[in-house]
Each structure stands twice: as C-alpha cells, then as structure tokens.
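What follows is a single structure, written as structure tokens, with notes after it.
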Ligand SMILES: [Zn+2]
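The structure is reproduced here in structure tokens:
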C-alpha cells in the first residue's frame, strides 16, 4: 500500500488498545495501523518516537465571536481555531444563536459566515432554540440540513434566549421523534434572579466585589434545574445532554437517572476540574467569572469520579474569551462582568497534566472523554474521534512529560490573560494533523486559515 504520510513509532491510542505502532495516511484518511509500515521515497515521515499519538481532540462546546454581555467574545474563527490546533483540537462545535428575530436557518447562516475563510480546523454548530413558538416548526428543516444537536438555555431571559418548561418538554418530544439531541444549560432562573436581586446593593458590592458571583450561584441553582429537565427527558424519552455540569449534586442526579434508563448524558469543562471559587479572593478575581460559576474542590473531585465512573461522558471548554478591557466593564458590579474564559488551547494540556499525570484518569480514558465520546455523541463518529482505518487522519502527537509554561502572550488565543497563567503543563501538541495535513509542526501553527470544513451530521446521542 502507498502512503502519503507515515507517523512512525509513537504510542498509538486506538479503540482496540494502545501500543507502539505506525499510522499510515492516504489522502485525508487513515489507511493502516501497524508495525513497520512501508514508506516509498515520496512518503512524508513524521517521527513520533517517545510520543503519544492520539485522535485529534473534539471541543464540542465553544463560543467564537459571540455577541454576549454587551460585547463580543474576543476569539474568532481565526484565533480560536489556531489556538485549538496548538492544543491538539481538530474539530470544534460552536453554538449558532439567533440574533433578534432570526430563524434557525438564519442563525446557521450567520455562523457559517463567521467560520468561512477563517477556520483552520473542522467545525459544525449546535442550533439554539431561543423562541420556541416560532422555532419549533423549523427544527426538522435544520435536521434535514445536517444539524442534529440543538440547545436551549434555562436562564438568560434578558438576552432573549430563555426556554421555559413548556419549550424544554416540547423540544425533547421532537428530539425523540427525529432521533436528535437537546443540549441544555441548566440553571434555575427564578431563584437565581431572586438571589442576585437580594445582593445587588451598593453596600454589598463594595464589601464583596466579584465574590458576589459565587455567593449568588450556590450549587442548588444548577442541581434543581438538572433535576427538572431530567424529568422532561424521562417522560418524553428525548435525548438530553447537560452542558458544562459543575456540581457534585448534578453529577449524582445524572448518575441516578442513567441508572433508571433516562437518555441523559453530561459534559463538564476543564475549568470545573482544576479551578475552584477561591479564585474570587484574588485581586483579579472578576476575570474568572463564567457561567455556571466555578464551585468547590469537592465538586471537582466528584466530577473526576464521574469521568472515571462514566456518568460524565465528555470534557469540553465552554470557550468564551473576554479580554481584560472587556472584563473591566464590570466597574465593581458583578452582574456586568462578561462571563466566560479562554480554553481551547489548554483543554488537552490541563486534562492530561491534571488527569492522566496525576493518575485520576488513564490515557485511554482521556482519549475517550476528549475524542471518542464527543465524536459518538455528536454524530461525528467514525469519521472523527478515533485512530481507525477509514477515519479522517486527525491526529495529535505530544510528548508524555515535556511541559510548557502557560503564558498568554505567546499563545495563539487572542486572550490577554489565562485562567492557567504560569502553570506548567504537558500535553501541548508537538504535531497536529487535520485530514492528513500537518497544521501544527514543532509546537507552531503552520496550517492555512480557511482550510477547515463544515461537518454535516445525520445522528446524535447514544442509543441503547
Ligand atoms: Zn456555553
């Protein structure tokens, strides 16, 4: 067999096991996996000796160039996808959120236009249903167009994004009917609004500053909402996926529901695994405001256990970058902090360093949570998510223990701060391949912007 590229002698993680092998690539696809694959003089050789070779990472929760909190998130499809590639990410899924009176189709068109000509890696979108009464009859058309995951928010009434129980229930019925999946941002809006209102006084803001962000978002704000939407999934049979789960209580609810056979899955994000709400005691604590909020070390511990136990299926980032100038818009009022943080570039390094190297999860388990599970759940498997013959040649190659210091000034993200600033992390990609093409070489981005492709889908969720 003739290969265009052979990745030589790395520790290759595949669904059939992990061992030292070569990976042969023909065109955009993986054509062979085995020892001593033959190379012709024309074959490009990539030496992976002493390195891990894993499938390209999928970050299935990203917000690039999103108008939010009175500003626009600072990583666009150019900087966001370059940042991803440097962290071994080869596929991302963003959220197409309708502006003003837009239809679902217009929302998809808007996000297609953002990615066009800029994306370095492959991408698609979850379609956000923000006005159920108008949007519900547009869902089927979006499925036919290749979108199989939808999203509803249980909060963000002022943004015009909120879905009530009627919308969640009705949408889950449709998910059941079409074999598609609903992603839900689960926080309890009425009680959250009440807690914010009670604390929104000049005296308390002066006294507590950004700490009010954690004080107004106790764990029950998330767990009550998860419990409620799990009920709607249970009675409709509609496939549900809890995004950015951050609490121990939520994890328990999901675990118990899965045991009963409820079709619910959950993701957490890297920041909930390695950061806690003590960051709000820092002078720059307001930078860490995100939604949902960082919780306690015990929550992080429970989420790690959930990854090990299986009730937490995916690790993503919820990347929504805001720079220091944008974060400064808060001027002492925590309700005005643009909520979100950069994450694409550090997803794999944080997970690898704090998960695998600290023996919380194995290398194979990391690949499951960052690559294979997200691909399967989001309807992109077997094209993405595994090193297998016939799959896209999306591959990340990294050294097991060479570390780099997180320094936002030298990173690809447009962020001028990092939640992990100064941390020493292993797991940055030495080489990243996307559909057979080297896009990161020797830790530097070399791929051309605009080469990324939109990925149509026909299914979603884990059945049975
Ligand atoms: Zn999000």
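Numbering (my numbering), first residue to last: 501 to 964.
No residue lacks a Cβ here, since even glycine has one placed at the ideal position from N, Cα and C.
Between the Cα of residue i and the Cα atoms of the options, which residue gives the shortest distance?
i: residue 724; options: 882, 685, 560; result: 685
i: residue 712; options: 700, 787, 593; result: 700
i: residue 729; options: 850, 772, 654, 719; result: 654
i: residue 691; options: 722, 709, 682; result: 722
i: residue 682; options: 666, 743, 703; result: 743
i: residue 850; options: 815, 821, 824, 877; result: 815
i: residue 901; options: 894, 913, 928, 893; result: 928
i: residue 859; options: 874, 882, 844, 808; result: 808
i: residue 868; options: 917, 550, 501, 557; result: 557
i: residue 784; options: 766, 917, 926; result: 917
i: residue 811; options: 748, 792, 602; result: 748
i: residue 599; options: 587, 583, 565; result: 565
i: residue 603; options: 665, 828, 634, 563; result: 634
i: residue 852; options: 688, 899, 601; result: 899
i: residue 827; options: 539, 574, 537; result: 574
i: residue 760; options: 786, 782, 768, 731; result: 731
i: residue 883; options: 865, 936, 866; result: 936
i: residue 675; options: 764, 863, 782, 543; result: 764
Go through its chain and collect everything with a Cβ distance to residue i's Cβ below 7 Å, but skip five positions before and after it.
i: residue 519; result: 512
i: residue 964; result: With a pLDDT of 41 at residue 964, under the threshold of 50, the predicted position of this residue should be treated as unreliable, and no value is reported.
i: residue 673; result: 736, 738
i: residue 959; result: 648, 679, 879
i: residue 919; result: 771, 775, 788, 841
i: residue 595; result: 563, 625, 626, 628, 651
i: residue 535; result: 521, 522
Contact check, residue i vs residue j under 8 Å by CB: the rounded distance?
i: residue 839; j: residue 770; result: Between residue 770 and residue 839 the Cβ distance is about 16 Å, and since that is not below 8 Å, they are no contact.
i: residue 605; j: residue 641; result: 7 Å
i: residue 891; j: residue 529; result: 7 Å
i: residue 762; j: residue 733; result: 6 Å
i: residue 741; j: residue 955; result: No, residue 741 and residue 955 are not in contact; Cβ-Cβ is about 18 Å, not under 8 Å.
i: residue 524; j: residue 501; result: 7 Å
i: residue 873; j: residue 813; result: 5 Å
i: residue 514; j: residue 952; result: Going by Cβ atoms, the distance from residue 514 to residue 952 rounds to 25 Å, so no, they are not a contact pair.
i: residue 572; j: residue 546; result: In fact, because the Cβ distance is near 38 Å, the residues do not count as touching under 8 Å.
i: residue 968; j: residue 817; result: This structure does not reach residue 968, given that the chain is present from 501 up to 964, and the question cannot be answered.
i: residue 555; j: residue 887; result: 5 Å
i: residue 587; j: residue 548; result: So it is not a contact: roughly 18 Å between Cβ atoms.
i: residue 896; j: residue 932; result: 5 Å
Can you give me the C-alpha to C-alpha distance between residue i and residue j, rounded to a whole angstrom?
i: residue 614; j: residue 620; result: 12 Å
i: residue 576; j: residue 774; result: 25 Å
i: residue 796; j: residue 608; result: 37 Å
i: residue 736; j: residue 504; result: 49 Å
i: residue 965; j: residue 842; result: Lying before the first or after the last residue shown, residue 965 is absent from the chain, which here runs from 501 to 964.
i: residue 617; j: residue 610; result: 14 Å
i: residue 822; j: residue 912; result: 14 Å
i: residue 553; j: residue 560; result: 21 Å
i: residue 820; j: residue 541; result: 45 Å
i: residue 881; j: residue 592; result: 14 Å
i: residue 806; j: residue 751; result: 7 Å
i: residue 745; j: residue 802; result: 11 Å
i: residue 910; j: residue 589; result: 18 Å
i: residue 925; j: residue 844; result: 14 Å
i: residue 658; j: residue 644; result: 31 Å
i: residue 949; j: residue 527; result: 19 Å
i: residue 727; j: residue 687; result: 10 Å
i: residue 578; j: residue 934; result: 16 Å
i: residue 835; j: residue 717; result: 12 Å
i: residue 667; j: residue 677; result: 15 Å
i: residue 830; j: residue 786; result: 8 Å
i: residue 923; j: residue 791; result: 23 Å
i: residue 756; j: residue 943; result: 42 Å
Beta-carbon within less than 6 Å of residue i's beta-carbon, same chain only, minus the 5 sequence neighbours each way: which residues are those?
i: residue 957; result: 646, 648, 879
i: residue 947; result: 620, 939
i: residue 714; result: 777, 780, 793
i: residue 904; result: 928
i: residue 719; result: 747, 749
i: residue 656; result: 662
i: residue 537; result: 506, 522, 524
Leaving out the 5 sequence neighbours to the left and right, which residues in its chain are closer than 8 Å to residue i when beta-carbon positions are compared?
i: residue 671; result: 629, 632, 636, 639, 650, 652, 663, 682, 738
i: residue 921; result: 906, 907, 908
i: residue 832; result: 705, 706, 709
i: residue 876; result: 885, 962
i: residue 804; result: 773, 855, 860, 861
i: residue 568; result: 659, 820, 838, 839, 840
i: residue 945; result: 582, 585, 586, 620, 912, 939
i: residue 570; result: 829, 836, 838
Around ligand 3, which residues pass a check of Cβ closer than 7 Å to any of its heavy atoms?
Although ligand 3 was asked about, the structure shown includes only ligand 1 as ligands.
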